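*Asks:*
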Amino acid sequence: MDVTLPDGTVIKDVPDNITKTELNAKLKANGLDMAKYEPTIGQEILASPAGRFISGAGEFIDAGAQLLPRALSTVSSLGGFNPNPVSNWLDRQAASVDEGIAKKKAEMDAAKLATNFQGADISRFMGNAASVPNLALMKQLAPLAKTIPGLLESGAYMGMTGGALTPVTENTDNFAGQKAIQTGAGGVFGAALAPVGQVLGRGYELAKALAQPFTESGKKAIIGSNLRGQIRPSDIGDVVNRLDQAQGLVPGSQPTVGEISESGGLEAIQRQAASKYPQMFAPREAANVQARREAIGEIAGDVGKKELFETARADAADLLYKQAYKQTLNVNRDPVTGKMLPKADRDAANAEIADLLDTPAIQQAMKDAVILAKNERIDIKDPKGSIQGLDYTKRALDKQIATAEGDNEKRILMGVKERLMSFLQRQSPKYAEAVATYAEGSKPLNQMAVGEYLKNKLVPAVGEEGNLLRENIGSFTEALRNPNTPKLATGFGGNDLEQLFASSPEQLQTLKNIATELARKSNAQDYGRGVGSNTFQNLAMANIAQKTGLPFGLVNMPYLGAPARKIYENATETMQQQLAQALLDPKATAQLIAQAAPSERGRLMAAALRGQLTPAMFGAPSTEFMNQ
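Here the numbering used here is used: the first residue of the sequence shown is 29, the next is one more, and so on.
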């Protein structure tokens, strides 16, 4: 080769295999002071790994620049049989491109010599592999390389393409012949070397997997890769989005990965992590349980809050009740005009009250009403004869409902009470007004009553074993869905939860949020139950299996896996702790999973190393290639 020194001096016919030291000694012996011929900054940049990578990545452009004017010239000259000004101009352009390529090669050779670079130019080869055409072809050929015949075929294709996209740097006068040799030899070498590439790729992946557990970045990569491996590929995007957007629906609660992910694999890992590190997961569970209890307790209220609303309700309704109590009961007359009702209406009213009074619950309530009134220094001799007497009968029914055993008995008594209330309000408009005023003042108390009712459904009774962290998820959820819950909680009917909490929608939303969090918790437990996975216990070994494509059972065989597990014992323990911590932070887990996704370019390069594609892509077996 010819070497151009920085001052323009050209040294011809320098042996290709000479070192810089040998060249310096030779030139010094011929009277040249080589001290001034140190590599320039430009040569150092050009000969650096990055410079050689960029050079390799751009070779397809040079190859295309050589091919284009020659192809156009061939077409314009009718295959070379009719040269003309256009084809001649194109030929000159081709020659100019050749000169430029030769100059670039000379500059690279000089930079390598000046920096004492020797050996195969792997950086250039990798740059060639990472070029746009090669990556596109890799993507198309990857499925083909899954079988031995397909591997050989894809290797041949890649080798031929590599040869075609390598610029001709020698004997450009015979460009077509050189290009044919490059392309054909590339195909042969590509097919021949493809199985070797596969073996080398496996070895590379194994070496990488063996080293990863001993670096922080490697640990994170292993954790992210194994987490990603627990999710169906089609679900990865949805899972990452759910984790990234995770938030507690109840103030003070923080969901875990298992509760948010809706992934059986991730929940299985979390169950294993929680089993090994209960000191990490138990506080989170306790905090979430306490947050839900406090949220529903806020709706249920305390004694002082209830007394405050009861006083306000009484102040608003008592005067109206007193006015209604002055009215005697006469079902035969219109309560507003006092006029006698038509016979049919009288008969219907008398039949209605007679049927009510014949109800055992009413009969008992009337007896209790007399006692209840006496306790308030009120003398009611015949409860059925006045609005006041029947209202006290209603109050006695309220006590029966409060002490009823079971929801069914309570429901029956409430039906009787609703019939009595309907009758009373039709007989006394003033009483109806009092009831409406009382009902308005009862709204916050009824909301608290529902809150208390649902709290009792959620929180186990005092003294129940394990009640500190237990939640009766099924009972709470069923009660929240039951349309009779407001009636069962308050003793009054006519309202569903939406109506009851119309004035306080945020409270209803809190109840729904509690139900959602409980569903997450329950679903996570169900997802994780029965999903077998030993990933958590064998992070390092699982990573080796994943990277090499070998069956986990083979990698983890007793006589092979036991020594390896001993070597990775400390690293595995650290990774387990880091993984457990990540499972408590959905956003951090989302980041780990997302970062574990290989880029398209990285995926294709890995495929090449695994032997799905061929080493021929690194350049055609030209004379230059052979020399290197």
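Ideal Cβ placement from N, Cα and C applies to all residues, glycine included.
Small disclaimer: the values here were computed from a predicted structure and weren't measured.
In whole angstroms, give me the CA-to-CA distance for residue 548 and residue 488.
*Replies:* Here residue 548 corresponds to residue number 520 of the sequence shown, with the count starting at 1. Here residue 488 corresponds to residue number 460 of the sequence shown, with the count starting at 1. Cα to Cα, the separation comes out at about 20 Å.
*Asks:* Using the rule of at least 16 other Cβ atoms within 10 Å of the residue's Cβ for burial, across every protein chain shown, is residue 332 buried or exposed?
*Replies:* Translated into positions along the sequence shown, residue 332 becomes position 304. That one is exposed.
*Asks:* Could you please give the first and the last residue of the uninterrupted alpha helix (DSSP H) stretch that includes residue 368?
*Replies:* Start at 1 with the first residue of the sequence shown, and residue 368 comes out as number 340. Segment: none, residue 368 is in no alpha helix (DSSP H) and carries neither H nor E.
*Asks:* Exposed or buried, which one is residue 241 when buried takes at least 16 other CB atoms within 10 Å?
*Replies:* Here residue 241 refers to the residue found at position 213 of the sequence shown. So residue 241 ends up on the buried side.
*Asks:* Does DSSP put residue 498 in a helix, a strand or coil?
*Replies:* What you label residue 498 is simply residue 470 of the sequence shown in a count that begins at 1. Residue 498 falls in the coil class under three-state DSSP.
*Asks:* Less than 7 Å between the beta carbons of residue 542 and residue 278, yes or no?
*Replies:* Stepping through the sequence shown from its first residue, residue 542 is reached at position 514. Stepping through the sequence shown from its first residue, residue 278 is reached at position 250. Yes, these two residues count as a Cβ contact at 7 Å.
*Asks:* At the level of alpha carbons, what is the spacing between residue 533 and residue 340?
*Replies:* In the sequence shown, the residue the question calls residue 533 occupies position 505. In the sequence shown, the residue the question calls residue 340 occupies position 312. Answer to the nearest angstrom: the Cα atoms are 22 Å apart.
*Asks:* Report the three-state DSSP secondary structure of residue 260 (helix, strand or coil).
*Replies:* Locating residue 260 in the sequence shown gives position 232, where the first residue counts as 1. Coil, per DSSP.
*Asks:* Given a threshold of 16 other Cβ atoms within 10 Å of its Cβ, counted over all protein chains shown, does residue 398 qualify as buried or as exposed?
*Replies:* Looking up residue 398 in the sequence shown gives position 370. Residue 398 comes out buried.
*Asks:* Using the beta-carbon count (16 or more within 10 Å), is residue 21 buried or exposed?
*Replies:* Since the first residue of the chain shown is 29 and the last is 656, residue 21 is not available in this structure.
*Asks:* Residue 440 to residue 257, Cα distance in whole Å?
*Replies:* Along the sequence shown, read from residue 1 onward, the residue named residue 440 stands at position 412. Along the sequence shown, read from residue 1 onward, the residue named residue 257 stands at position 229. Residue 440 and residue 257: Cα-Cα distance of roughly 56 Å.
*Asks:* So for residue 38, helix, strand or coil by DSSP?
*Replies:* The residue labelled residue 38 in the question sits at position 10 within the sequence shown. In this structure, residue 38 counts as strand in the three-state DSSP scheme.
*Asks:* First and last residue of the alpha helix (DSSP H) that includes residue 330?
*Replies:* Counted from its first residue, the sequence shown places residue 330 at position 302. Looking at the DSSP string, residue 330 is not in any alpha helix (DSSP H), and its letter there is neither H nor E.
*Asks:* Got a sec? Which residues, its chain only, sit under 8 Å from residue 121 by beta carbon, not counting five neighbours each side?
*Replies:* Position 93 of the sequence shown, counted from the first residue, corresponds to residue 121. 97, listed in sequence order.
*Asks:* Around the C-beta of residue 411, are 16 or more other C-beta atoms found within 10 angstroms, so that it is buried, or is it exposed?
*Replies:* Position 383 of the sequence shown, counted from the first residue, corresponds to residue 411. It is buried - the Cβ of residue 411 has at least 16 other Cβ atoms within 10 Å.
*Asks:* Which of the three DSSP states is assigned to residue 101 in this structure?
*Replies:* For the purposes of this step, residue 101 is taken as the residue at position 73 of the sequence shown. Three-state DSSP puts residue 101 in a helix.
*Asks:* Is the segment 343–362 close to the segment 301–310, with three or more CB pairs under 8 Å?
*Replies:* Taking 8 Å as the limit for Cβ pairs, the verdict is that the segment 301–310 does not touch the segment 343–362.
*Asks:* Can you tell me whether residue 291 is buried or exposed? The criterion is at least 16 other CB atoms within 10 Å of its CB, across all chains shown.
*Replies:* Here residue 291 refers to the residue found at position 263 when the sequence shown is read from its first residue. With 16 or more other Cβ atoms within 10 Å, it is buried.
*Asks:* Let's test the definition: count the other Cβ atoms within 10 Å of the Cβ of residue 464 and tell me whether it reaches 16, buried, or not, exposed.
*Replies:* To locate residue 464, count along the sequence shown from 1; it is residue 436. The residue in question, residue 464, is exposed, as its Cβ has fewer than 16 Cβ neighbours within 10 Å.
*Asks:* Just reading off the alpha helix (DSSP H) that residue 81 is part of, what are its end residues?
*Replies:* Position 53 of the sequence shown holds residue 81. Counting along the chain, the alpha helix (DSSP H) containing residue 81 begins and ends at 77–85.
*Asks:* Rounded to whole angstroms, what's the CA-CA distance from residue 633 to residue 307? Just pull it up for me.
*Replies:* As a working mapping, residue 633 is identified with position 605 in the sequence shown. As a working mapping, residue 307 is identified with position 279 in the sequence shown. Legend: pLDDT at residue 633 = 47, less than 50; position of this residue unreliable, value from coordinates given subsequently. Spanning the two alpha carbons is a distance of roughly 43 Å.
*Asks:* So what does DSSP say about residue 405, is it helix, strand or coil?
*Replies:* Translated into positions along the sequence shown, residue 405 becomes position 377. Residue 405 falls in the coil class under three-state DSSP.
*Asks:* Give me the residue from 468, 195 and 148 with the minimum Cα distance to residue 90.
*Replies:* Start at 1 with the first residue of the sequence shown, and residue 90 comes out as number 62. Checking every option, the nearest Cα to that of residue 90 belongs to 195.
*Asks:* Taking Cβ positions, are residue 481 and residue 517 nearer each other than 7 Å?
*Replies:* Counting from one through the sequence shown, the residue named residue 481 turns up at place 453. Counting from one through the sequence shown, the residue named residue 517 turns up at place 489. Yes, the Cβ-Cβ distance between residue 481 and residue 517 is below 7 Å.
*Asks:* Roughly how many angstroms lie between the CA atoms of residue 473 and residue 600, to the nearest whole one?
*Replies:* As a position in the sequence shown, residue 473 is number 445, starting the count at 1. As a position in the sequence shown, residue 600 is number 572, starting the count at 1. If you take the alpha carbons of residue 473 and residue 600, they lie about 56 Å apart.
*Asks:* According to DSSP, simplified to helix, strand and coil, what is residue 431?
*Replies:* Taking the sequence shown and counting its residues from 1, one reaches residue 431 at position 403. Note: residue 431 maps to coil in three-state DSSP.
*Asks:* From residue 311 to residue 326, what distance separates their C-alpha atoms?
*Replies:* For the purposes of this step, residue 311 is taken as residue 283 along the sequence shown, with counting starting at 1. For the purposes of this step, residue 326 is taken as residue 298 along the sequence shown, with counting starting at 1. Each residue's Cα considered, the two are about 22 Å apart.
*Asks:* What did DSSP end up calling residue 414 once you bin it into helix, strand or coil?
*Replies:* As a working mapping, residue 414 is identified with position 386 in the sequence shown. Of the three classes helix, strand and coil, the one that applies to residue 414 here is strand, per DSSP.
*Asks:* Tell me, please, which residues DSSP counts as bridged to residue 361.
*Replies:* Stepping through the sequence shown from its first residue, residue 361 is reached at position 333. Note: residue 361 sits in a beta bridge opposite 368.
*Asks:* Less than 8 Å between the CB atoms is what I'm expecting for residue 381 and residue 359, so what's the real figure, rounded?
*Replies:* For the purposes of this step, residue 381 is taken as residue 353 along the sequence shown, with counting starting at 1. For the purposes of this step, residue 359 is taken as residue 331 along the sequence shown, with counting starting at 1. Confirmed, about 6 Å.
*Asks:* Between residue 287 and residue 551, what straight-line distance do the alpha-carbon atoms span, to the nearest angstrom?
*Replies:* The sequence position of residue 287 within the sequence shown is 259, counting from 1. The sequence position of residue 551 within the sequence shown is 523, counting from 1. Their backbone Cα atoms lie some 7 Å apart in a straight line.
*Asks:* Out of 164, 130 and 247, state which residue places its alpha-carbon closest to the alpha-carbon of residue 200.
*Replies:* Counted from its first residue, the sequence shown places residue 200 at position 172. The shortest Cα separation from residue 200 among 164, 130 and 247 belongs to 130.
*Asks:* Give a single yes or no on whether residue 479 has its beta carbon closer than 6 Å to a heavy atom of the ligand ATP.
*Replies:* Of ligands this structure carries none, so the ligand ATP is not represented either.
*Asks:* Comparing alpha-carbon positions, which option in 400, 244 and 438 lies nearest residue 423?
*Replies:* Along the sequence shown, one-based indexing puts residue 423 at 395. It is 400.
*Asks:* Taking 8 Å as the limit between beta carbons, can you name the residues of its chain near residue 510, skipping five residues before and five after?
*Replies:* Residue numbering aside, residue 510 sits at position 482 when the sequence shown is read from its first letter. Correct list, in chain order: 516.
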